[in-house]
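Undergrad: Numbering (full-length UniProt numbering), first residue to last: 1 to 664.
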C-alpha cells in the first residue's frame, strides 16, 4: 500500500510534466483518489471501534456489506460487532429492527432470539404448555398486543362481561399477569355489538346499541383497557354515529345485522356498517379529537362486504362486484378536512355472468407499526415485518344456482401501498380513482390462489408473512380432531429449505406457479406465482378455529367449556388455546326434513361478524330461489319475506342435523 508521503512526492512530479499528456492526467486523477482514500483511512484508523460501529449503523445493510470489501479494518469491525451483526441478520430474514426502550438485552442475545424465532416457525415445535380459564362464549373476541379478550353472551348484542387474558410470551416463566374482567358499562338494552383493543394505548373501543329513542343507530365508546373508565385522552368518550333511516321501523336486533367491523390504528378508529337502505358507510374518527369523517360508499357504487386498515391513512375495501378498492384519507383532525379518496381499483378475475359473490372478507395484521416492539407481557420482538411485505388475506364465496365455491387469495400489500405513493386526498368533488388494474396486470406476481379451503377465513388467520388454517378430517363437520397448517411467504424462509418431515411436522416448499386451468366460475385460467413454505403440524387438536399473532398460535377448541390450553413452539410460539362456541339465532326460509335449504343468521366466530350460513340439501330450483332472496337482502338491506312452511317440516336448529355447512 502506498504511503501518504510517497503519493505527495509523486504528485509533485506529475505537476511538472506537461498536462497535455492524457495518460499522465489520468494518473493524476487516480492519485487524487488514492490520496483521498489514504487521508480518510488515517482518520478512520484513529477512531474507536464503538464510534465506527455507531456510524455504520446509519447505513443500509447492503451498504454495510459493501464496506467489508473496502479494507480489512472495516471487515474486522463489522465482523466483531454484535450490533451490526444483528442488523445484518435481521435484514437477511427480510425484517427491520425495532428499538425497544425497555429492552436492555445484549445484541448477541437478540441475534440468538431471531435465529430461534425463525427455526421455531420453521418446524412449529412447542416450547411450553399452559392452561387458562376463559368465559364460555367466544361470540366476540379480539387478540392484540399479547392480550386475548372475549365476551360473554350467545346473542348479539352481548351483555358481557368481557374477560382480558395476558398471553404468555416466549420467555420461560412460571408467573404471568393475572387475567381481569370488566362488566359491561351498558344496560341489557344497550349491549355490546363489537369491540377491539389496543393495549399499547390502554384503549378499549366498544360499539354499543344507541337508545331506541336516539336518532343514531350506534354509540362508539372509548374506555381504558386497564380500568374500564372513560379514556382520559378522548375529548368525548361516547360518539354517536350512523343516523337512523327515517320512517323505517327499528327492531331490537335487526339494526345490527349490517354491522361489519371496527379497527384501531394509532389515533384512527374506523368502522363499517350498512343502513336500512343498503348504503355502506365507513366512519373514521380521530379518537383523540372531536373530528370525524364519513366515507359514503354509495357514491362510489360499492357494495362493501369488508375493509381493513393498511395504515393510519390508507384502507382497503372489499367490493361484492369482485374488486378491491384502496382509499387514502387525511387525519380527521387535520385542517382543512378532506374526504377519503379512491386511489386505486384492483380487479379480481372476471367471473362468468351466472356466478355472483356471496361473501367477501379481507384481513391484514398487524394493522400498523405504532406498537411494534411493545407488548403487554414484555415479550415483544426486537424486529418486525416491513409494512409493504405484510399479507392481505381475501376469502370469498361465489355461487350460481346449484353450485357454490369457496376461494381464498393471499396477496402482498405492496401493490395497494404503491397506488397511494406520493398521493394526497383531493377535494370532496373528485372521486375518480387514480389507478385501475386488471387482474393480469397486478395479481399473478403478487398473490397465491387457493380453492375450497374452509378453515382459512378468520380475521386473525394472517399475520405478517404467515397464514394459518385448520385441516379437517374425513368428516369436516365433526367437532373432533383437526390439524394446523402454517404457510410462510417470507422469501428468506425458502432459502436452503427442502421437503422434510418427522413424527411432529411435515414441510413442503412451493416454488412453481399454481394454475386453475379451467375454472368453472371465471372466464380465463388463473395463474398465481407467490412462493411459500407450508408446514403442517401432525399432532391433532380438538378445535373450532385457530388464529395467531407474531409469537403465538391460538387454538379455540370445542372440548371443555371455558377451558383454554396454550402451547408454544420451540422459540417464540407460546400457544393459546381458547374455547369457541358459535351462537346461532336461526331463521328458516325453507325448511324440510329432506331436500331442504335453511338460511341461518349466524354470529360468526371471527370478531363477531354476522353473516349468512347455508345448510344445503336441495335441488337447483330451490337454490336459485334462496339466493335470489339473499341477494335482495344484501343489496337492499331488508330482510326477505318469510316463507310459510307446510305442516310437518322442521324449523330452526332441528333441521341443521345432517346438513352441509358451507361457511363453517
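We treat Cβ as the ideally placed atom computed from N, Cα and C, and that holds for glycine.
What's the C-alpha gap between residue 453 and residue 490?
TA: If you number the chain shown from 1, residue 453 lands on position 453. If you number the chain shown from 1, residue 490 lands on position 490. Rounded to whole angstroms, residue 453 to residue 490 spans 21 Å at the Cα level.
Undergrad: Look at residue 265 and residue 324 and say whether their C-beta atoms are less than 8 Å apart.
TA: For the purposes of this step, residue 265 is taken as the residue at position 265 of the chain shown. For the purposes of this step, residue 324 is taken as the residue at position 324 of the chain shown. No, the Cβ-Cβ distance between residue 265 and residue 324 is not below 8 Å.
Undergrad: Hey, could you find the ends of the beta strand (DSSP E) residue 279 is sitting in?
TA: The residue labelled residue 279 in the question sits at position 279 within the chain shown. First-last for residue 279: undefined, no H or E at that position.
Undergrad: Using alpha carbons as the reference points, say which of 155, 130 and 495 lies closest to residue 166.
TA: For this step, residue 166 is matched to residue 166 along the chain shown. Checking every option, the nearest Cα to that of residue 166 belongs to 130.
Undergrad: Which full runs of the beta strand (DSSP E) of 3+ residues lie inside the stretch 63-91, going along the chain?
TA: If we require 3 residues or more, the stretch 63-91 turns out to have no beta strand (DSSP E) run fully inside it.
Undergrad: Would residue 154 and residue 181 qualify as a contact pair, given that the criterion is a beta-carbon distance under 8 Å?
TA: In the chain shown, residue 154 corresponds to position 154, counting from 1. In the chain shown, residue 181 corresponds to position 181, counting from 1. Cβ atoms of residue 154 and residue 181: not closer than 8 Å.
Undergrad: Let me know if residue 110 comes out buried or exposed under the rule of 16 or more other beta-carbons within 10 Å of its beta-carbon.
TA: Numbered from its first residue, the chain shown carries residue 110 at position 110. When all chains shown are included, residue 110 counts as buried.
Undergrad: Taking 8 Å as the cut-off, decide whether the C-beta atoms of residue 270 and residue 218 are in contact.
TA: On the chain shown, residue 270 is found 270 positions in, with the first residue counted as 1. On the chain shown, residue 218 is found 218 positions in, with the first residue counted as 1. No; because the gap between Cβ atoms is not below 8 Å, this pair is not in contact.
Undergrad: Tell me which residue opens and which closes the beta strand (DSSP E) that residue 270 is part of.
TA: What you label residue 270 is simply residue 270 of the chain shown in a count that begins at 1. Its beta strand (DSSP E) spans residues 268-274.
Undergrad: Which of the three DSSP states, helix, strand or coil, is assigned to residue 258?
TA: Stepping through the chain shown from its first residue, residue 258 is reached at position 258. Of the three classes helix, strand and coil, the one that applies to residue 258 here is coil, per DSSP.
Undergrad: Under 8 Å by Cβ, that's how I've got residue 483 and residue 471 pegged, so tell me the actual separation to the nearest angstrom.
TA: Here residue 483 refers to the residue found at position 483 when the chain shown is read from its first residue. Here residue 471 refers to the residue found at position 471 when the chain shown is read from its first residue. Between residue 471 and residue 483 the Cβ distance is about 4 Å, and since that is below 8 Å, they are a contact.
Undergrad: Can you check which of these residues, 402, 449, 520 and 383, is closest to residue 99 by C-alpha distance?
TA: Your numbering for residue 99 matches position 99 in the chain shown. Comparing Cα positions, the closest option is 383.
Undergrad: Would you kindly work out how many angstroms separate the C-alpha atoms of residue 668 and residue 493, rounded to a whole number?
TA: Here the chain has residues from 1 to 664 only, and residue 668 is not among them.
Undergrad: Excluding the five sequence neighbours on either side, which residues of its own chain have a C-beta within less than 6 Å of the C-beta of residue 534, listed in chain order?
TA: Within the chain shown, numbered from 1, the residue matching residue 534 stands at position 534. For residue 534, where only same-chain residues beyond five positions count, the Cβ hits under 6 Å are 487 and 508.
Undergrad: Please state whether DSSP places residue 47 in a helix, a strand or coil.
TA: The sequence position of residue 47 within the chain shown is 47, counting from 1. Coil at residue 47, not helix or strand.
Undergrad: Only counting the same chain, and skipping five residues up and downstream in sequence, which positions put a Cβ closer than 7 Å to that of residue 231?
TA: Taking the first residue of the chain shown as 1, we reach residue 231 at position 231. Excluding residues within five positions, the ones whose Cβ falls inside 7 Å are 203, 222, 223, 224 and 237.
Undergrad: To the nearest angstrom, how far is the alpha carbon of residue 215 from that of residue 282?
TA: Along the chain shown, read from residue 1 onward, the residue named residue 215 stands at position 215. Along the chain shown, read from residue 1 onward, the residue named residue 282 stands at position 282. Distance between the alpha carbons of residue 215 and residue 282: 18 Å.
Undergrad: In this structure, does DSSP put residue 446 in helix, strand or coil?
TA: Taking the first residue of the chain shown as position 1, residue 446 is located at position 446. In the structure shown, residue 446 sits in a helix (DSSP, three-state: H, G or I).
Undergrad: Am I right that residue 502 and residue 143 are in contact with their C-beta atoms under 8 Å? What's the rounded C-beta distance?
TA: As a position in the chain shown, residue 502 is number 502, starting the count at 1. As a position in the chain shown, residue 143 is number 143, starting the count at 1. Not a contact, Cβ separation roughly 30 Å.
Undergrad: Considering only the beta carbon of each residue, do residue 332 and residue 275 sit closer than 8 Å?
TA: The count along the chain shown starts at 1 and reaches residue 332 at position 332. The count along the chain shown starts at 1 and reaches residue 275 at position 275. No.
Undergrad: Go ahead and pull the three-state DSSP assignment for residue 139.
TA: Counted from its first residue, the chain shown places residue 139 at position 139. Coil, per DSSP.
Undergrad: From the DSSP output, in three-state form, read off residue 236 for me.
TA: As a position in the chain shown, residue 236 is number 236, starting the count at 1. Coil.
Undergrad: Residue 620 to residue 402, Cα distance in whole Å?
TA: Within the chain shown, the letter at position 620 stands for residue 620. Within the chain shown, the letter at position 402 stands for residue 402. Caution applies to residue 620, whose pLDDT of 45 falls short of 50 and renders its modelled position unreliable; the model cannot decide the point.
Undergrad: Taking the alpha carbon of residue 380 as the reference point, which residue from 146, 89 and 49 has its own alpha carbon closest?
TA: Looking up residue 380 in the chain shown gives position 380. Cα-wise, what sits closest to residue 380 is 146.
Undergrad: What residues match up with residue 542 in a beta bridge as DSSP calls it?
TA: As a position in the chain shown, residue 542 is number 542, starting the count at 1. DSSP output for residue 542 lists 481 as bridge partner(s).
Undergrad: Using the Cβ count rule (16 or more neighbours within 10 Å means buried), how would you classify residue 46?
TA: On the chain shown, position 46 is the one that residue 46 refers to. By the 10 Å Cβ count, residue 46 comes out exposed.
Undergrad: How big is the Cα-Cα spacing for residue 445 and residue 512?
TA: As a position in the chain shown, residue 445 is number 445, starting the count at 1. As a position in the chain shown, residue 512 is number 512, starting the count at 1. Roughly 12 Å separates the two Cα atoms.
Undergrad: Identify whether residue 331 lies in helix, strand or coil by the three-state DSSP scheme.
TA: Position 331 of the chain shown, counted from the first residue, corresponds to residue 331. Three-state result, residue 331: coil.
Undergrad: Looking at C-alpha atoms only, which residue of 286, 194, 169 and 235 is the closest neighbour of residue 261?
TA: Stepping through the chain shown from its first residue, residue 261 is reached at position 261. If we check each option's Cα against that of residue 261, 194 comes out closest.
Undergrad: Three or more beta-carbon pairs under 8 Å between the stretch 537-547 and the stretch 515-524, yes or no?
TA: Not touching, per the Cβ criterion.
Undergrad: Can you name the start and end residues of the alpha helix (DSSP H) that residue 518 belongs to?
TA: Mapped onto the chain shown, residue 518 falls at position 518. From DSSP, residue 518 is part of no alpha helix (DSSP H); its letter is neither H nor E.
Undergrad: What residues match up with residue 151 in a beta bridge as DSSP calls it?
TA: As a first step, residue 151 must be located in the chain shown, where it is residue number 151. DSSP output for residue 151 lists 162 as bridge partner(s).
Undergrad: What did DSSP end up calling residue 595 once you bin it into helix, strand or coil?
TA: Locating residue 595 in the chain shown gives position 595, counting from the first residue. A caution first: residue 595 carries a pLDDT of 27, below 50, which makes its placement in the model too unreliable to give a value.
Undergrad: Where does residue 144 fall in DSSP's three states?
TA: Position 144 of the chain shown, counting from 1, holds the residue named residue 144. Reduced to three states, the DSSP call for residue 144 is strand.
Undergrad: Less than 8 Å between the C-beta atoms of residue 316 and residue 410, yes or no?
TA: Taking the first residue of the chain shown as 1, we reach residue 316 at position 316. Taking the first residue of the chain shown as 1, we reach residue 410 at position 410. Taking 8 Å as the Cβ cut-off, residue 316 and residue 410 do not qualify as a contacting pair.
Undergrad: With residue 198 as the anchor, note down where its beta strand (DSSP E) starts and where it stops.
TA: Taking the chain shown and counting its residues from 1, one reaches residue 198 at position 198. Element bounds for residue 198: 192-198.
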